[in-house]
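2 protein chains.
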Amino acid sequence: MTVPPLKLEEFLPFRLSLASNLVSRRIAETYEAEFGLSTTQWRVMAVLGEYPGMTATELTQKTALDKVAVSRAASALVNRGLIQKRTRPDDNRRAALSLTEAGERVYAEVIPRARKMEADLLKALPRETLDALDKALSELTEAAEA
Amino acid sequence: MTVPPLKLEEFLPFRLSLASNLVSRRIAETYEAEFGLSTTQWRVMAVLGEYPGMTATELTQKTALDKVAVSRAASALVNRGLIQKRTRPDDNRRAALSLTEAGERVYAEVIPRARKMEADLLKALPRETLDALDKALSELTEAAEA
DNA sequence: CGCCTTTGGTTTCATCTGCAACCGGTTGAA
DNA sequence: TTCAACCGGTTGCAGATGAAACCAAAGGCG
Numbered sequence: 422m423t424v425p426p427l428k429l430e431e432f433l434p435f436r437l438s439l440a441s442n443l444v445s446r447r448i449a450e451t452y453e454a455e456f457g458l459s460t461t462q463w464r465v466m467a468v469l470g471e472y473p474g475m476t477a478t479e480l481t482q483k484t485a486l487d488k489v490a491v492s493r494a495a496s497a498l499v500n501r502g503l504i505q506k507r508t509r510p511d512d513n514r515r516a517a518l519s520l521t522e523a524g525e526r527v528y529a530e531v532i533p534r535a536r537k538m539e540a541d542l543l544k545a546l547p548r549e550t551l552d553a554l555d556k557a558l559s560e561l562t563e564a565a566e567a
Numbered sequence: 422m423t424v425p426p427l428k429l430e431e432f433l434p435f436r437l438s439l440a441s442n443l444v445s446r447r448i449a450e451t452y453e454a455e456f457g458l459s460t461t462q463w464r465v466m467a468v469l470g471e472y473p474g475m476t477a478t479e480l481t482q483k484t485a486l487d488k489v490a491v492s493r494a495a496s497a498l499v500n501r502g503l504i505q506k507r508t509r510p511d512d513n514r515r516a517a518l519s520l521t522e523a524g525e526r527v528y529a530e531v532i533p534r535a536r537k538m539e540a541d542l543l544k545a546l547p548r549e550t551l552d553a554l555d556k557a558l559s560e561l562t563e564a565a566e567a
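These protein sequences, in sequence, are chains A and B.
Each residue of the first sequence is one higher than the last, beginning at 422 in this note's numbering.
Each residue of the second sequence is one higher than the last, beginning at 422 in this note's numbering.
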């Protein structure tokens, strides 16, 4: 009772993972070497640029990282002076995180590069394919969630 | 001179990574707990089911894993008796890997479950969206390679 | 109030990953 | 032949990752 073999190269989860890893690596090239940021640190900074004052727990949701990763990325960024942490007066457990001046400068360098790399990677795709990709990712994410 | 903030939740590389991670996790549920396989081990088995007798180096390409990962996955699978390794007479450095009987049995259990999970995850997507997704992943992979 | 539970965040530990060094076999040029 | 360069595969080590234990502050209920 044999099973028809699986063609891994056509198996969508594999293809998705492959594309995602390659794309992530290209994006990482825009910040790793030059700015010494890890992917998780980059994500934290990216979100703080959009939402200053977020707490670690809130970052967890926005970045899709677990709280350990956020905690470590944040403390590394604080040590490097790229973000600051202010304990909230209304709740001493929470701390509002935000970019420092130095962090803002790095942000202003790093974000445009990421955008540009994204555009380069996507430029071969016609608009409709892109729309469909977007839709497919939304549906897949929803279907695969919890 | 501020930069318009990046909306991470609309940034395609992030969305891609998110979808990929969630999907991979769901697929992993079909083999991790029940069969004690890691993702890399599963990939190695999946490819050997399709191409018996491959060498580790060849597996490297098919699985998109680096040679260290393949080496370790293979030795774990050999220890568990799921694959066998036969040194090739024409070159004593290489070894042809293939599923054992026990490995075939696991393969026959594991592959249909992965297929079913894939189908479940994709069932909300209309055919054209799926085609576009497929095309987009191919183009993205190519654009991001090397 | 005082106590128990919950919550935000950190630390610990065990595992995974990936690069680089390494080992033995093979190849090819002198 | 012989020896150096190369190749397939393994191992060692350092950094990344995640689950679970942990700590301190806050909330809720008697």
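Beta carbons are placed, not taken as given, at the ideal position from N, Cα and C, and that holds for glycine.
How is B/L368 classed by DSSP in three states: helix, strand or coil? There is no way to answer for residue 368 of chain B, as the model of chain B reaches only from 422 to 567.
I'd like to know whether the C-beta atoms of B/L427 and A/E566 end up nearer to each other than 8 angstroms. Here the question's residue 427 of chain B lines up with position 6 in the second sequence. Here the question's residue 566 of chain A lines up with position 145 in the first sequence. Not in contact: B/L427 and A/E566 (Cβ atoms no closer than 8 angstroms).
First and last residue of the alpha helix (DSSP H) that includes A/K506? Looking up residue 506 of chain A in the first sequence gives position 85. Run containing A/K506: none in the alpha helix (DSSP H); it sits in the beta strand (DSSP E), 504-509.
Counting along the chain, where does the alpha helix (DSSP H) carrying B/L558 start and finish? Mapped onto the second sequence, residue 558 of chain B falls at position 137. Its alpha helix (DSSP H) spans residues 548-565.
Does any CB atom of chain A fall closer than 8 angstroms to the CB of B/V527? Start at 1 with the first residue of the second sequence, and residue 527 of chain B comes out as number 106. No, B/V527 does not count as interfacial toward chain A.
Compute the distance between the beta-carbons of A/E539 and B/P434, then report whether it is under 8 angstroms. Mapped onto the first sequence, residue 539 of chain A falls at position 118. Mapped onto the second sequence, residue 434 of chain B falls at position 13. Going by beta carbons, A/E539 and B/P434 fall inside the 8 angstroms limit.
B/S445 versus chain A: which residues are under 7 angstroms apart at the beta carbon? Here the question's residue 445 of chain B lines up with position 24 in the second sequence. Here the neighbours are P434, S438.
Local conformation of B/D541 per DSSP, three classes: Taking the second sequence and counting its residues from 1, the one referred to as residue 541 of chain B is at position 120. Residue state, collapsed to three classes: helix.
Quick one: is A/T550 near chain B, going by C-beta distance under 8 angstroms? By 1-based counting over the first sequence, the position of residue 550 of chain A is 129. Yes, A/T550 counts as interfacial toward chain B.
Please tell me whether B/N514 has its Cβ less than 8 angstroms away from any Cβ of chain A. By one-based count along the second sequence, residue 514 of chain B stands at place 93. Sequence inspection shows Arg at residue 514 of chain B; the Asn mentioned does not correspond to that position. Taking 8 angstroms as the CB threshold, B/R514 stays off the interface with chain A.
Quick one: is B/T562 buried, meaning 16 or more other Cβ sit within 10 Å of its Cβ, or exposed? Position 141 of the second sequence, counted from the start, is the residue given in the question as residue 562 of chain B. Buried, because 16 or more other Cβ atoms sit within 10 Å of the Cβ of B/T562.
Name the chain B residues whose beta carbon is nearer than 7 angstroms to that of A/S441? Locating residue 441 of chain A in the first sequence gives position 20, where the first residue counts as 1. Those are L437, S438, S441, listed as they occur along chain B.
Suppose contacts are defined by Cβ-Cβ distances below 8 angstroms. Is B/L520 in contact with B/K506 by that definition? Here residue 520 of chain B is taken as the residue at index 99 of the second sequence, counted from 1. Here residue 506 of chain B is taken as the residue at index 85 of the second sequence, counted from 1. Cβ distance not < 8 angstroms, so B/L520 and B/K506 don't count as in contact.
Taking Cβ-Cβ distances shorter than 9 angstroms, what residues in chain B pair up with A/R464? As a working note, residue 464 of chain A is residue 43 in the first sequence. By Cβ distance, chain B contributes L429, F435.
Should B/T508 and B/A495 be called a contact, given that it needs their Cβ atoms to be closer than 8 angstroms? Position 87 of the second sequence, counted from the start, is the residue given in the question as residue 508 of chain B. Position 74 of the second sequence, counted from the start, is the residue given in the question as residue 495 of chain B. Taking 8 angstroms as the Cβ cut-off, B/T508 and B/A495 do not qualify as a contacting pair.
Proximity test, A/K488 beta-carbon vs the ligand FMN heavy atom, cut-off 7 angstroms: Judged by which ligands are present, the structure shown has none, so any question about the ligand FMN falls away.
B/P533 touches chain A at which residues, Cβ-Cβ below 8 angstroms? In the second sequence, counting from the first residue as 1, residue 533 of chain B sits at position 112. The answer, in chain order, is V424.
Given B/S445, which residues of its chain have a CB within under 8 angstroms of its CB, disregarding the five upstream and five downstream residues? One-based indexing of the second sequence puts residue 445 of chain B at position 24. Excluding positions up to five away in sequence, the list reads T460.
Does A/A545 get closer than 8 angstroms to chain B when you measure Cβ to Cβ? Mapped onto the first sequence, residue 545 of chain A falls at position 124. In terms of beta-carbon proximity, A/A545 lines the interface with chain B, with at least one pair separated by less than 8 angstroms.
Residues bridged to A/D487 (per DSSP): In the first sequence, counting from the first residue as 1, residue 487 of chain A sits at position 66. The secondary-structure analysis by DSSP pairs A/D487 with nothing; it has no beta-bridge partner.
Taking all protein chains shown into account, do 16 or more other C-beta atoms lie within 10 angstroms of the C-beta of A/V489, making it buried, or fewer, making it exposed? Against the first sequence, residue 489 of chain A aligns to sequence position 68. Of the other Cβ atoms in all chains shown, fewer than 16 fall within 10 Å of the Cβ of A/V489; this residue is therefore exposed.
Three-state secondary structure (DSSP) of B/R436: For the purposes of this step, residue 436 of chain B is taken as residue 15 along the second sequence, with counting starting at 1. For B/R436, the three-state secondary structure derived from DSSP is helix.
Based on Cα-Cα distance, which residue from A/F432, A/S441, A/E431, A/L469 lies nearest to A/V374? No answer is possible for residue 374 of chain A: the residues shown for chain A start at 422 and end at 567.
List, in chain order, every chain A residue whose beta-carbon is nearer than 7 angstroms to that of B/T562. Taking the first residue of the second sequence as position 1, residue 562 of chain B is located at position 141. For B/T562, the C-beta contacts it makes with chain A under 7 angstroms involve L439, A440, L443, in order along the chain.
What does B/K556 reach in chain A if we use C-beta pairs closer than 9 angstroms? Numbered from its first residue, the second sequence carries residue 556 of chain B at position 135. What B/K556 touches in chain A: L546, T550, A553, L554.
Measuring straight from C-alpha to C-alpha, what distance separates A/T478 and A/L498? Position 57 of the first sequence, counting from 1, holds the residue named residue 478 of chain A. Position 77 of the first sequence, counting from 1, holds the residue named residue 498 of chain A. In a straight line, the C-alpha of A/T478 is about 16 angstroms away from that of A/L498.
Just to confirm, are A/R464 and A/T451 a CB contact at a threshold of 8 angstroms? By one-based count along the first sequence, residue 464 of chain A stands at place 43. By one-based count along the first sequence, residue 451 of chain A stands at place 30. Not a contact, by the Cβ cut-off of 8 angstroms.
Do B/A557 and A/L546 have their C-beta atoms closer together than 8 angstroms? As a first step, residue 557 of chain B is located in the second sequence; it is residue number 136 there, counting from the start. As a first step, residue 546 of chain A is located in the first sequence; it is residue number 125 there, counting from the start. Cβ atoms of B/A557 and A/L546: closer than 8 angstroms.
Chain-ordered chain B contacts of A/V468 [CB-CB under 8 angstroms]: Here residue 468 of chain A refers to the residue found at position 47 of the first sequence. Near A/V468 (Cβ distances below 8 angstroms), the residues of chain B are L429.
Under a CB-based cut-off of 8 angstroms, is A/A565 close to chain B? Start at 1 with the first residue of the first sequence, and residue 565 of chain A comes out as number 144. Yes, A/A565 counts as interfacial toward chain B.
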